[in-house]
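Data block below; observations after.
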Amino acid sequence: IATALAAADTAEPGGEPCFVLPEDFRRPSAVQDFADRAEAMRWLATEREDLALTALAARKAGLDDRAWRIILLQWPQMVWR
Numbered sequence: 806i807a808t809a810l811a812a813a814d815t816a817e818p819g820g821e822p823c824f825v826l827p828e829d830f831r832r833p834s835a836v837q838d839f840a841d842r843a844e845a846m847r848w849l850a851t852e853r854e855d856l857a858l859t860a861l862a863a864r865k866a867g868l869d870d871r872a873w874r875i876i877l878l879q880w881p882q883m884v885w886r
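Each residue of the sequence shown is one higher than the one before, starting from 806 at the first, in the working numbering.
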């Protein structure tokens, strides 16, 4: 979620967050940063299938709050593609 969030933030700088992170969220030490929208969009495109599978796995595990967050983080792909 952290790298997808960084990609979404870079793809839409100054945009409003689409959700609030859960209180127990801890940013991992290894999160990729993106230099610009193009780089963020390339990452989102490359990871699209894995993000979809991750959302599905979260849903199957009953982690609906995680599943919809993962889906929303792909919003820039729908807007800027």
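C-beta: ideal position from N, C-alpha, C; glycine also.
Exercise for review: Indicate the three-state DSSP secondary structure (helix, strand or coil) for L878 in the structure shown.
Suggested key: Sequence index remark: in the sequence shown, residue 878 carries index 73 (1-based). Coil.
**Study point:** Neighbourhood of T808 by C-beta, 7 Å cutoff - its chain only, sequence neighbours within 5 removed
**Key:** In the sequence shown, counting from the first residue as 1, residue 808 sits at position 3. Same-chain partners within the cutoff: V836, Q837.
Practice item. Return the residue from the list L849, P827, P833 that minimises the CA-CA distance to T815. Key: Locating residue 815 in the sequence shown gives position 10, where the first residue counts as 1. Minimum Cα-Cα distance from T815 among the listed residues L849, P827, P833 corresponds to L849.
Check your understanding: From which residue to which residue does the alpha helix (DSSP H) around L858 run?
Key -> Numbered from its first residue, the sequence shown carries residue 858 at position 53. L858 -> alpha helix (DSSP H) spans 842–865.
Exercise for review: Assuming F839 and A812 form a contact by the criterion Cβ under 8 Å, report the distance between their Cβ atoms to the nearest whole angstrom.
Suggested key: Here residue 839 corresponds to residue number 34 of the sequence shown, with the count starting at 1. Here residue 812 corresponds to residue number 7 of the sequence shown, with the count starting at 1. Confirmed, about 6 Å.
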